[in-house]
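J.:
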Amino acid sequence: MGVLMPFISKTLSMLALLPFAAQVFFAAPAEFWYSHGGAAGSAIADLCRSFNAQREDGDRLHCIRQGSYEQTLQKTVAAYRAGIGPALVEIYD
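Heads up, my numbering is the position in the sequence shown plus 143, with the first residue counted as 1.
The structure is reproduced here in structure tokens:
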């Protein structure tokens, strides 16, 4: 659990700000890509569900695990080059 604490702390901090950012940025559903599985991935999924429970249907955040670190990084670069990147990406190095 000690290894996950810095990650969970940073992720919680980032997701805690989403309700405020949502007022400005989310006029429609947005995508949030992440690369974590296991306990960290479950924590992110739980936070996303909690966030979405407080939002209207049109303002939801679609949290999508993109695979490993490398896969998520490759997909992110390709998506932005194509002009279709997600609103948020979290890749922990």
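No residue lacks a Cβ here, since even glycine has one placed at the ideal position from N, Cα and C.
Let's see if you can read the secondary structure: which residues bound the alpha helix (DSSP H) around Ile187?
T.: From DSSP, the alpha helix (DSSP H) with Ile187 extends over 181–196.
J.: Within 8 Å, do at least three Cβ pairs link the segment 170–179 to the segment 227–235?
T.: Cβ pair count under 8 Å is three or more, so yes.
J.: Could you pull out every residue in the same chain whose Cβ sits closer than 6 Å to the Cβ of Gly228, ignoring the five residues on either side in sequence?
T.: Taken in chain order, the residues that qualify are Ala222.
J.: Which first and last residues belong to the alpha helix (DSSP H) in which Arg208 is found?
T.: That residue, Arg208, is in no alpha helix (DSSP H); its beta strand (DSSP E) goes 204–208.
J.: Which word fits Gln197, buried or exposed, when buried means at least 16 other C-beta atoms lie within 10 angstroms of its C-beta?
T.: Exposed, by the Cβ-count rule.
J.: In three-state terms, what does DSSP make of Glu213?
T.: Reduced to three states, the DSSP call for Glu213 is helix.
J.: Am I right that Thr154 and Ile187 are in contact with their C-beta atoms under 8 Å? What's the rounded C-beta distance?
T.: The pair is a contact, with the Cβ atoms about 6 Å apart (cut-off 8 Å).
J.: Classify Tyr235 as helix, strand or coil using the three-state DSSP reduction.
T.: It is coil, neither helix nor strand.
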